[in-house]
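Enquirer: Have a look at this one before I ask anything.
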Amino acid sequence: MSIPSIASARKSWFARLPVVSHLRMSSGLQRGMLIAGLALSALFIFSALFAPLIAPFDFAQSSDMSGDFPRQAAPDDKFIWGTTVTGYDVFSRTMYGARTAIWVIIAAVLMSLFVGVLLGLISGYLGGWFDRIMVVLADAIYAFPSLLLAIVMSIVISQGQSSLWGGIMAAAISITVVFIPQYFRVVRAEVMRLKAEPFVESAQVIGASPWRVMTTHLLRNSTRTLPLIFTLNATEALLTLAGLGFLGFGIEPTAASEWGFDLNRAMSDATSGIWWTGLFPGLAIVLTVMGLTLVGESMNDLNDPRLRRFSRKKAQRITQAGAAR
Amino acid sequence: MTITSQTGETHSPAPARKPAKQKGGGFLRYLITRFLLIIPTVFILITVVFFLMRVTGDPITAAMGGRLTPDQLAIRIHEAGYDRPVLIQYIEYLGQVFTGNLGRTMSDNRAVTEVLVTYGAATLELAVNAVLVALLVGIPLGLVAAKFRDRYPDAVLRILAILSYATPVFFAGLLLKLIFGVWLDWLPISGRADWQTELALTGLQNPSGIYWLDALRSGNLNAFGDVAAHAVLPALALGLLTGGVFLRLVRTNAIGTLGREYVEAGRSRGVSEFRLVTKHAYRPALIPIITVMGLQIAMLLGGAVLTETTFEWAGLGFKLAEYLTARDFVAVQGIVVVLAIIVAVTNFIVDVLAALIDPRVRY
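Residue numbers (our numbering), protein chains in the order written: chain E, -17 to 307; chain R, 5 to 367.
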């Protein structure tokens, strides 16, 4: 076991970055999956960042100099992915949709990470009645269908209708509430395990305050598994946002573009054979979720030595290095 | 399991106060302890939902706001008792829930319990169909993936499993509708049955509400065919989503069991590879599936809400979406609470089943 740690200590900071180190570690099929995931995620982030440059029209634009856009027009030269029933350009809306999605993902993951980790730390370290109440609460919320909880939360936050930021925050907070128990459970379990370790006890003995023990000694050691939950939750956040939007609980179409809402509108188009209004936003969701999932899964497998697969050459190199030592 | 001692004190002191860690605790004790655990879960969920829904204001303003003058609103609110302190309302609501009264809907003035009974059967039917699809797809493919671990069939299946997770049910539904309903014109794309069939089935004496069952009971084969045709696409959309989860689960577990000594022993006795996979490795790999199926029920119900809306399948989820658009929060609250109770009870049943199969679970 000492070999990888010594080897990694010698590598430059660049090679030790999470994704880069995973890429170097991987081979064959695993590498293919990781690269495919990274490519899809990059595409997603790219369209989110440069949506205004890529998209020929605004997301809520239904006319230009030459007059109103045609409604439900099939893809052609001007509207490469066609137009919707309200005359919006599907391509532009899909690009801008990445923006909304990325904001919700960032806000949701950051908030649930912050609150969940904090509660998990405090609950696990202090124990007692606070811990018990938190565990019961977290279990109850965890068992609840997440979409229903998100619906209830979005009623609470925005009464169901909203502007751009109101909508993004409503979706993000709804999703946060669903995810807090997951982070809470992971961190609490780790803290409970670490609490009995000698280094925590010695910190207590030399008089470190509970806060210091929590933030310096426990926090760093209990957050190793979080990047994996992070990618999984990013995908769940996106799917929940789309689900909310599909039920009409998302963001107003004129305030921002949202894939789930567009799919809702596309449902009635589908019955008359109009495929382009639904296909493209749907594919955008699928590809983004797939990209993030592939990255998360590959990193998970690569972090677990039992699941890691080496190419034959690399395996040989490692065994030789082990023999030489 | 810190929860156990907590509940024991508040709800029923006798059986649960005994530390659950006691070794050799019988099955009955496990059953009782586990059953008592449902109470705080359901209680917390009801409380959370009640207060969250009430934070935003009373249901009457939400439903009628804008359509009535402020004076009229105030009168309606006073009549319904929504101007009293929240705590009193809460206690009253708890009492109502325990006597099986979930209030009346605002938009169409029906008892929420009646709505639940009328539309619950449709959701049950959809859920059962979807689980069947999921099992039929997930288990065989999972075994194939395990058998060909890290080779091409496995790679393809893993990507398919991720794809099934990544596709929202409503997008899968849209594609299925487009392909099988519009382009190929093989299957109907919405509803649970044609209106003639629907009329024939609801006219039966005490119908179960589960259409294929009613059709079979009345011996109406045309109706059965119609109902079955309507059920295919929704079951596929929801079932494939869950099937992907089962696939991965079976794969992981079968890989574990395929590496065991008894499988190797079977192989050395000359048992065929097919039999090794389908008999020796398969059975023990099924146990975790039962547990995960319980966890999946929450996802299934969430997915059912979306699937029903996609296919206009008149079940609880479809009604929930309707009430949401109508801002009828009494109905929403009732449906959400009942779904939460269903999830809690299912988890209980699943845990008991798991304990029956594997005695080590009874801690």
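Beta carbons are placed, not taken as given, at the ideal position from N, Cα and C, and that holds for glycine.
#1: Counting only Cβ pairs nearer than 8 Å, list the residues of chain R close to Leu11 of chain E.
#2: Taking C-alpha atoms, which residue in E:Gly273, E:Val169 and E:Gly255 lies nearest to Asp113 of chain E?
#3: With Val267 of chain R as the anchor, note down where its alpha helix (DSSP H) starts and where it stops.
#4: By DSSP, does Ala115 of chain R sit in helix, in strand, or in coil?
#5: Helix, strand or coil: which one does DSSP assign to Thr65 of chain E?
#6: Thinking just about the alpha-carbon of each residue, which of R:Pro238, R:Val254 and R:Leu328 is nearest to the one in Val296 of chain R?
#7: Is Ser156 of chain E near the ligand MN, with its Cβ less than 7 Å from a heavy atom?
#8: What does DSSP give as the partner residues of Asp71 of chain E in its beta bridges?
#9: Relative to chain R, which residues along the region 92 to 109 of chain E have a C-beta separation below 7 Å, given in chain order?
#10: Tell me, to the nearest whole angstrom, how far the beta carbon of Leu245 of chain E is from that of Phe175 of chain R; I am working on the premise that it is less than 8 Å.
#11: Counting C-beta neighbours from all protein chains within 10 Å, is the total for Arg162 of chain R 16 or more, i.e. buried, or is it exposed?
#12: Got a sec, what are the start and stop residues for the alpha helix (DSSP H) Lys283 of chain R sits in?
#13: Could you work out which residue in E:Tyr124, E:Ile211, E:Met93 and E:Leu100 is closest to Ile301 of chain R when comparing CA atoms only?
#14: Any idea what DSSP makes of Ala359 of chain R, helix, strand or coil?
#15: Quick check: the Cα distance between Gly306 of chain R and Leu221 of chain E, rounded to an integer number of angstroms?
#16: Please state whether the Cβ-Cβ distance between Trp317 of chain R and Pro238 of chain R is less than 8 Å.
#17: Just the chain C side, please: which residues come within less than 9 Å of Tyr94 of chain R by C-beta, in chain order?
#18: Quick one: residues in its chain with C-beta nearer than 6 Å to the C-beta of Gly106 of chain E, no 5 flanking neighbours on either side, listed in chain order?
#19: Indicate the three-state DSSP secondary structure (helix, strand or coil) for Asn351 of chain R in the structure shown.
#20: Using the C-alpha atoms, what's the distance from Phe181 of chain E back to His199 of chain E?
#21: Just to confirm, is the Cβ distance from Ala216 of chain E to Leu274 of chain E under 8 Å?
#22: How long is the line joining the alpha carbons of Leu269 of chain E and Glu279 of chain E, rounded to whole angstroms?
#23: Counting only Cβ pairs nearer than 7 Å, list the residues of chain R close to Gly225 of chain E.
#24: Any contact of the region 230 to 248 of chain R with the region 126 to 138 of chain R, i.e. 3+ C-beta pairs under 8 Å?
#25: Is it buried or exposed, His82 of chain R, if we count other Cβ atoms within 10 angstroms and call 16 or more buried?
#26: Which same chain residues end up closer than 6 Å to Met196 of chain E when comparing Cβ atoms and leaving out the 5 residues on each side of it in sequence?
#27: Residues in the same chain with beta-carbon distance under 8 Å from Ser23 of chain E, minus the five sequence neighbours each way, listed in chain order, please.
#28: List, in chain order, every chain R residue whose beta-carbon is nearer than 7 Å to that of Leu229 of chain E.
#29: List the endpoints of the continuous alpha helix (DSSP H) containing Glu183 of chain E.
#30: Can you pull the DSSP bridge partners for Arg108 of chain R?
#31: Under 8 Å by Cβ, that's how I've got Ala115 of chain R and Gly319 of chain R pegged, so tell me the actual separation to the nearest angstrom.
#32: Secondary structure at Val118 of chain E, three-state DSSP: helix, strand or coil?
#33: Report the neighbours of Ala302 of chain R on chain E: residues whose CB is nearer than 8 Å to its CB, in chain order.
#34: In chain E, which residues lie less than 7 Å from Leu182 of chain R when you measure between Cβ atoms?
#35: Nearest by alpha-carbon distance to Asn203 of chain E: which of E:Ala190, E:Lys177, E:Ser184 and E:Pro192 is it?
#36: Listing by chain order, which chain R residues have their CB less than 7 Å from the CB of Met196 of chain E?
Expert: In this structure, then:
#1: Within the first sequence, residue 11 of chain E is the residue found at index 29, counting from 1. Neighbours of Leu11 of chain E on chain R, chain order: Asp154 and Ala159.
#2: Here the question's residue 113 of chain E lines up with position 131 in the first sequence. Asp113 of chain E has its Cα closest to that of E:Val169, out of E:Gly273, E:Val169 and E:Gly255.
#3: The sequence position of residue 267 of chain R within the second sequence is 263, counting from 1. It spans Glu265 to Ser272 - the alpha helix (DSSP H) in which Val267 of chain R sits, taken as one unbroken run.
#4: Here residue 115 of chain R refers to the residue found at position 111 when the second sequence is read from its first residue. Residue state, collapsed to three classes: strand.
#5: For the purposes of this step, residue 65 of chain E is identified with residue 83 of the first sequence, where counting begins at 1. Shown here, Thr65 of chain E sits in a strand according to DSSP, grouped into three states.
#6: The residue labelled residue 296 of chain R in the question sits at position 292 within the second sequence. It is R:Val254 whose Cα lies nearest to the Cα of Val296 of chain R.
#7: For the structure depicted, the ligand MN is absent and the ligand set is empty, with no information on it obtainable.
#8: By 1-based counting over the first sequence, the position of residue 71 of chain E is 89. Bridge partners of Asp71 of chain E: E:Thr65.
#9: Going along the region 92 to 109 of chain E in chain order, one finds no residue with a Cβ nearer than 7 Å to chain R.
#10: On the first sequence, position 263 is the one that residue 245 of chain E refers to. On the second sequence, position 171 is the one that residue 175 of chain R refers to. So it is a contact: roughly 6 Å between Cβ atoms.
#11: On the second sequence, residue 162 of chain R is found 158 positions in, with the first residue counted as 1. So Arg162 of chain R ends up on the buried side.
#12: As a first step, residue 283 of chain R is located in the second sequence; it is residue number 279 there, counting from the start. Segment: none, Lys283 of chain R is in no alpha helix (DSSP H) and carries neither H nor E.
#13: In the second sequence, residue 301 of chain R corresponds to position 297, counting from 1. If you compare the alpha carbons of E:Tyr124, E:Ile211, E:Met93 and E:Leu100 with that of Ile301 of chain R, the shortest gap goes to E:Tyr124.
#14: Along the second sequence, read from residue 1 onward, the residue named residue 359 of chain R stands at position 355. The DSSP-derived three-state label of Ala359 of chain R is helix.
#15: Here the question's residue 306 of chain R lines up with position 302 in the second sequence. Here the question's residue 221 of chain E lines up with position 239 in the first sequence. Those two C-alpha atoms are separated by around 12 Å.
#16: Stepping through the second sequence from its first residue, residue 317 of chain R is reached at position 313. Stepping through the second sequence from its first residue, residue 238 of chain R is reached at position 234. In this structure, Pro238 of chain R lies closer than 8 Å to Trp317 of chain R by Cβ.
#17: No chain C is present in this structure, whose protein chains are E and R.
#18: For the purposes of this step, residue 106 of chain E is taken as the residue at position 124 of the first sequence. Cβ within range, chain order: Arg170, Val173 and Met174.
#19: In the second sequence, residue 351 of chain R corresponds to position 347, counting from 1. Helix at Asn351 of chain R.
#20: Within the first sequence, numbered from 1, the residue matching residue 199 of chain E stands at position 217. Within the first sequence, numbered from 1, the residue matching residue 181 of chain E stands at position 199. When rounded, the distance between both Cα atoms is 8 Å.
#21: Here residue 216 of chain E is taken as the residue at index 234 of the first sequence, counted from 1. Here residue 274 of chain E is taken as the residue at index 292 of the first sequence, counted from 1. The beta carbons of Ala216 of chain E and Leu274 of chain E sit closer together than 8 Å.
#22: Here residue 269 of chain E refers to the residue found at position 287 of the first sequence. Here residue 279 of chain E refers to the residue found at position 297 of the first sequence. Roughly 15 Å between the two C-alpha positions.
#23: As a first step, residue 225 of chain E is located in the first sequence; it is residue number 243 there, counting from the start. Pro172 and Leu310, listed in chain order.
#24: Short answer: they touch.
#25: Stepping through the second sequence from its first residue, residue 82 of chain R is reached at position 78. Answer is exposed; the Cβ neighbour count stays below 16.
#26: Counting from 1 along the first sequence, the entry for residue 196 of chain E is found at position 214. Correct list, in chain order: Leu103 and Tyr107.
#27: Residue mapping note: residue 23 of chain E aligns to position 41 of the first sequence, counting from 1. Thr270, Gly273, Leu274 and Val277.
#28: Taking the first sequence and counting its residues from 1, one reaches residue 229 of chain E at position 247. Result: Thr313, Ala325 and Leu328.
#29: Along the first sequence, one-based indexing puts residue 183 of chain E at 201. Start and end: Pro180 to Val187.
#30: In the second sequence, counting from the first residue as 1, residue 108 of chain R sits at position 104. Partner(s): R:Ala115.
#31: For the purposes of this step, residue 115 of chain R is taken as residue 111 along the second sequence, with counting starting at 1. For the purposes of this step, residue 319 of chain R is taken as residue 315 along the second sequence, with counting starting at 1. Not quite, the Cβ-Cβ distance comes to about 18 Å (not below 8 Å), so this is no contact.
#32: Within the first sequence, the letter at position 136 stands for residue 118 of chain E. In this structure, Val118 of chain E counts as helix in the three-state DSSP scheme.
#33: Looking up residue 302 of chain R in the second sequence gives position 298. Residues of chain E whose Cβ lies closer than 8 Å to the Cβ of Ala302 of chain R are, in chain order, Ala125, Phe126, Pro127 and Ser128.
#34: The residue labelled residue 182 of chain R in the question sits at position 178 within the second sequence. Those within 7 Å of Leu182 of chain R in chain E are Ala252 and Trp257.
#35: Within the first sequence, numbered from 1, the residue matching residue 203 of chain E stands at position 221. The residue with the shortest Cα to Cα distance from Asn203 of chain E is E:Lys177.
#36: Numbered from 1 along the first sequence, position 214 holds the residue referred to as residue 196 of chain E. What Met196 of chain E touches in chain R, judged by beta-carbon distance under 7 Å, is nothing: the nearest beta carbon there is about 20 Å away.
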